[in-house]
Structures are given as structure tokens and as C-alpha cells.
Amino acid sequence: MLRSRAGMKWLRYAGAAVGGLALVGMALVAGAPLAAAATAGLGTMTVSPTSVVEGSNANTLVFTYTATSAGMSAGPLVLNVPVGWTTPSTTATQGHVSRTCGTSISTNGNLIELSGVTLAANATCTITYADATAPAAAGTDTFAAYQGQTSSDTAQALSTSPSVSVNAESGAGTMAVSPSTVTASSTNTLVFAYTADALGMSSGQLDLSIPGGWTNPTTTTGQPGTVTSTCGGAGVSGRTVAVSAVTLAANAICTITYADATAPSSASSDTFAVSQSQGAGSVAPLGASPVVTTQAAPQQPGPGCAHSGYQMVASDGGAFAFGGASYHGSLPGEHVSVNDIVGIASSACGYWLAGRDGNVYGFGNAPNYGDAASHGGGGIVAIAATPDAKGYWEVGADGAVYAFGDAGFYGSMSGTVLNAPIVGMAATPDGHGYWLVASDGGVFSFGDAGFYGSTGALTLNRPVVGMATTSDGQGYWLVASDGGVFSFGDARFYGSMGGKALNAPVVGMTSSMTGQGYRLVASDGGIFSYGDAHFYGSTGALRLNKPIVGMAGAGDSL
4 MLRSRAGMKW LRYAGAAVGG LALVGMALVA GAPLAAAATA GLGTMTVSPT SVVEGSNANT
64 LVFTYTATSA GMSAGPLVLN VPVGWTTPST TATQGHVSRT CGTSISTNGN LIELSGVTLA
124 ANATCTITYA DATAPAAAGT DTFAAYQGQT SSDTAQALST SPSVSVNAES GAGTMAVSPS
184 TVTASSTNTL VFAYTADALG MSSGQLDLSI PGGWTNPTTT TGQPGTVTST CGGAGVSGRT
244 VAVSAVTLAA NAICTITYAD ATAPSSASSD TFAVSQSQGA GSVAPLGASP VVTTQAAPQQ
304 PGPGCAHSGY QMVASDGGAF AFGGASYHGS LPGEHVSVND IVGIASSACG YWLAGRDGNV
364 YGFGNAPNYG DAASHGGGGI VAIAATPDAK GYWEVGADGA VYAFGDAGFY GSMSGTVLNA
424 PIVGMAATPD GHGYWLVASD GGVFSFGDAG FYGSTGALTL NRPVVGMATT SDGQGYWLVA
484 SDGGVFSFGD ARFYGSMGGK ALNAPVVGMT SSMTGQGYRL VASDGGIFSY GDAHFYGSTG
544 ALRLNKPIVG MAGAGDSL
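Each number in the numbering used here comes from the position in the sequence shown (counting from 1) with 3 added on.
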């Protein structure tokens, strides 16, 4: 929206001088404009800053006039302040004006008038308009500028006058939080970092709303939920933290610390709503507010159950446990004869085995919540448990996903023509999403699972056979049958068996609980550990009845 000054009038004034300006045939009186016709060769004028916030106060605008090669000789220089801005004044009040050239400066309504301006060729002169309040509504304001080269010239409009953008307050600035992922019922210190936009803030305000389920905020030092700020006085009203009198330079950062706060007792995704005002205007929501994901608490093993370790399964359902992982039985031990087991998923004190035909077999405290076979599904290639071990997913080679227990269905690739079959899946830390991976390394994300890259466009030495996710769900690894590992998102590369001679192909992988390591498992049960993933043993030296087809972590693994 362009604003123009209304209520301007012309008066005939033969040869008279008004406000120090000699005008030919007409003159400016209060509320009247100067000659509007531009004259070639007139100087130029710019303004800094070029944008402010609606309703903001204490703005100082500096207008810089640059003369032409002809310079100026005791000429007039006039600037018209648009309606809605503070009326300019030569006294020490709001809207105070000053200059670096001319014999005098005066104001006439919204006009700033300089007389006797003498400048050399291409020299500059500044007019400072200080402590000014911007209009209450957004728009673009043109400060019409006029100039005469000598004392006898009529002041003519410059070919281009400077403009100032008056911007709306809402959506300015950004806020991030660290950490963005916590564990249910854990005690945390969250640091919210607000970054001002290019306009900065002047006596503004930041409001941070603490979601339900988190500790009530307080300003009392040493108490749970104590809030402090680096940029202003922090106060608390109910569950809202208000930081007032915030003044920040362009792109400067202010932090709000929320200390010793207890996270919700169950998995959730909580938005900490943020609002702000950049000045004296109203508080408005940011374009996006930070989100903290609460993961389900790690499963606590019961008597005789796993602490740290892993389990493996062979295609006949034979199970093997290492480290502190518990052994709870196998299909051969139950006299169940199959040869199509494709994967294993761990519970706190048990595990599930999945067959290619969709059947699921539970051991220990892992109950059967259902299976794909009873829904007509087959061609299953993998099984993954929810974080609380109260459900699981099965996925088929065609990308069909089957959800059971508290596992949510967030989509599948069923009915889509795939370049390569699906070979594995992994759940997000909060269980509200999952990834599918194909043998060409193509990755498909569903629910709150983010896509961080794939090898779908690469030529691989060997096909991808599995994947694992980092502890915060912001990255993942893929592994190929030759032991090559590919890292995406925040997943770091800790090593691989790529390019090394293997006794048997790799068939799967798991990541450590910290997300700073991973293990690979081969079809002979050989284990290869990287990062902080511990080696607890393998079946590499044993003669197996059937090949290993999968591995699940227990205690310290995901």
C-alpha cells in the first residue's frame, strides 16, 4: 500500500519567498506541496533504514542527499514526511530533525525545509529524523524530496524519492529449541534460542507457552521449571513465560532457559507456542514455533531379562542371545517346523519372529497382537516393534504395511510400482512414523519420519539389505550385503565392511541406544561392531542349521 499526503493546496505567490524558498509564480504554505515536475540533473536521495515495524517507536531515519556534478549554491532542500509518522520538529522532542548542510532548518507541518544548501559536485548532505513513531498499519511510505540548485530556483521534485517499508509484526524472527528430543518422565533443561529478523527488536516482548504435561514454569531460582532469559526480564503468568523490554540488533539472538523441567510421562510431540512484538505493537504468533518430541522411556527389563545385548534369528526360527540379552525360546525348541522366518523384533523381556507368510511368533513377554497372514498378507520381509513394545509392524516386499497393537498405520507403498522390492523398515523414536527401504536403497518415509536421503539414484556394488535409525530419529543408516554402510541426516559414518572379504553376506543391522554406533550381522551370525556398539559374541564359529536372517538389539540398542 502506497501512502500519499492528503489536504495539499496551491496558492499564487508572485515572486514571494515562503519558508526560505524562492518560488516562481507560486509558493508553499502550510499543507501545500512544492512543484511536482521533475527536473533532469537533480540530485538523488536515499534513506536508512529502509524498513521499520508498524507502530514501532524510537525510529531514527537518516536521509542522504547526493548532489549532481553541478553541485548546489545556497539552494533549498525539502523533505515531506508522510501522514501517520510523527510530525517533524526542530525542538528536542519526538520527530526531532537535524542536518549536516544548509544555513538553516525549519519545519512547516509535515515538511522539513533546509535553506542555503551549498554542496560541491557529488557531495552529500544528511537529514536526520529521530525518535519517530511509524504508522500503525503496514504499507510503503514515500518521503517526497525536493531540491533547487540555487537560491533563485523553484524547488523541484527529485526524479526518485526515498521510501520506507512499514512491516507487519507477525511472523518476524525464529525460535529453535535444544534438545528437541527427550525421554518420557526425564528431567531436562531446554534452551530456546530466538533469532531476530533484519529489523531487530526495540522494547519488544517474547511470550513462550509451556504445553501441558511439562513442569509449571517459575521464576523462583532453584525450583523445577525455573525460567531465565539473556535479553530481558522474564515473568510467568500461568503456563506462559513473558520476556519484556527486549531490544535486539538485526539477526541477534536471545535465549530463554527452562531448567529442571520434567517431560510428559508418555510419548508425545509438544509445540511450545511463541508470540512476539517487535516494539510497542500487539503480540502476534511466530510463523513457526519449536517442537519437542518425547520418546517413550526405555523398557525396564524384568527378572532374568535383557540389559545390554542382542538377539539373532535364523530362517528356521532358531534364536540366539548374546551379552545381557535374554533367550526366551525358539521355533525348533517348540517343535514348530518352518523355513521362512525373515526377521526378529525385541520387547523388554521377549521377542517376536515374523515369517514370510505373515505369521508372527511371540516368545517371553512378547504377546501376539495379530499378524499379516490373518489379513491375507504375505511376502513379508521385516518386522519392527513400537518404542513401548506394545505393538509392531510387518512390511511386505511390495511395500504393504500391516500394523498391530499400538502401532499406527501411517501409509505404505502398496499399489505403487517400485523400482526394487522393499527389504526392511525402521520406526521413529516416538513410534509415530516409519521408514521403508528397498534393495536399491530407495527410502520411503511415513508419519513423522523425515526423508534425509537415499542411494536410489546410485549404482550399488551389492543390494541394500537393512536399515537402522539414530536415537533422535533425525537420520538413518543403510547397509548392503557386502557390508557397505551409507549414512544420512545426523547419522555419522563409523566404518563398514565394504571392500573387505566376508565369509557370508551381511543381512541386517541395529544401532546403539546413543545413536553413536551400529552393528552388522552376516548370514553366518558374524557380528561387526562400530562406534560405541559393543561386541558381545556371535555364531560365526558355529555350524548353523539355517542361515541367520535378522538381528534385534536389547537394552543398549535400537
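The C-beta atom is built at its ideal place from N, Cα and C for all residues, glycine as well. Bear in mind that the values here come from a model prediction, so they are computed numbers and not experimental data.
Check: Contact belief for residue 466 with residue 442 at Cβ below 8 Å, rounded distance in angstroms; Outcome: 4 Å
Check: Distance between residue 405 and residue 387 (C-alpha atoms, nearest Å); Outcome: 11 Å
Check: CA nearest to the CA of residue 270, picked from 85, 434, 222; Outcome: 434
Check: Candidates 429, 117, 368, 477: closest to residue 93 by CA position; Outcome: 117
Check: As assigned by DSSP and simplified to three states, the class of residue 91; Outcome: coil
Check: Sub-7 Å separation of residue 159 and residue 209 beta-carbons; Outcome: no
Check: Contacting residues, own chain, Cβ-Cβ under 7 Å from residue 43 (five flanking each side not counted); Outcome: In this prediction, residue 43 has a pLDDT of 40, which is less than 50 and means its spatial position is unreliable; what the coordinates show is noted afterwards. So no residue of the chain qualifies.
Check: Cβ-based burial, residue 418 [other Cβ within 10 Å; buried from 16]; Outcome: exposed
Check: Secondary structure of residue 187, DSSP reduced to three states; Outcome: coil
Check: Simplified DSSP assignment, three categories, for residue 556; Outcome: strand
Check: Residues near residue 239 in its chain [Cβ-Cβ closer than 7 Å; skip 5 each side]; Outcome: 220, 221, 222, 230
Check: The segment 50 to 61 in contact with the segment 135 to 155 per 3-pair CB rule at 8 Å; Outcome: yes
Check: Cβ pair count under 8 Å reaching 3, the segment 243 to 251 against the segment 315 to 325; Outcome: no
Check: C-alpha gap between residue 85 and residue 437, whole angstroms; Outcome: 57 Å
Check: Residue 147 beta carbon less than 7 Å from that of residue 48; Outcome: no
Check: Pair within 7 Å by beta-carbon distance, residue 98 and residue 124; Outcome: no
Check: Segments assigned beta strand (DSSP E), at least 3 residues, entirely inside the segment 53 to 117; Outcome: 54 to 56, 62 to 69, 75 to 83, 99 to 102, 107 to 111
Check: Supposed contact pair residue 399 and residue 382 - C-beta distance, whole angstroms, cut 8 Å; Outcome: 4 Å
Check: Local Cβ density within 10 Å of residue 538, reported as buried at 16 or more and exposed below that; Outcome: exposed
Check: Span of the beta strand (DSSP E) around residue 355; Outcome: 353 to 358
Check: Through-space distance from residue 290 to residue 543, alpha-carbon basis; Outcome: 55 Å
Check: Minimum C-alpha distance to residue 105 - residue among 114, 78, 111; Outcome: 78
Check: Distance, residue 108 Cα to residue 52 Cα; Outcome: 22 Å
Check: Member of 332, 378, 312 whose CA lies at the smallest distance from the CA of residue 356; Outcome: 332
Check: Within-7 Å CB hit, residue 487 to chain B; Outcome: The structure shown contains no chain B; it is built from a single protein chain.
Check: Pairwise C-alpha distance: residue 514 and residue 391; Outcome: 17 Å
Check: Residue 522: first and last residue of the uninterrupted beta strand (DSSP E) it sits in; Outcome: 520 to 525
Check: Among 87, 121, 89, nearest to residue 2 - alpha-carbon criterion; Outcome: Any question about residue 2 goes unanswered here, given that the chain covers just 4 to 561.
Check: Integer Cβ distance of residue 293 from residue 275, believed to fall under 8 Å; Outcome: 5 Å
Check: Rounded separation between residue 143 and residue 87 - CA only; Outcome: 12 Å
Check: Limits of the unbroken beta strand (DSSP E) element including residue 363; Outcome: 363 to 367
Check: Length of the line joining the Cα atoms of residue 413 and residue 334; Outcome: 31 Å
Check: For residue 336, the three-state DSSP class (helix, strand or coil); Outcome: helix
Check: Contact set for residue 342: own chain, Cβ-Cβ below 8 Å, skip 5 residues either direction; Outcome: 318, 319, 549
Check: Beta-bridge partners of residue 288, as assigned by DSSP; Outcome: 278
Check: Residue 272 (DSSP reduced to helix, strand or coil); Outcome: strand
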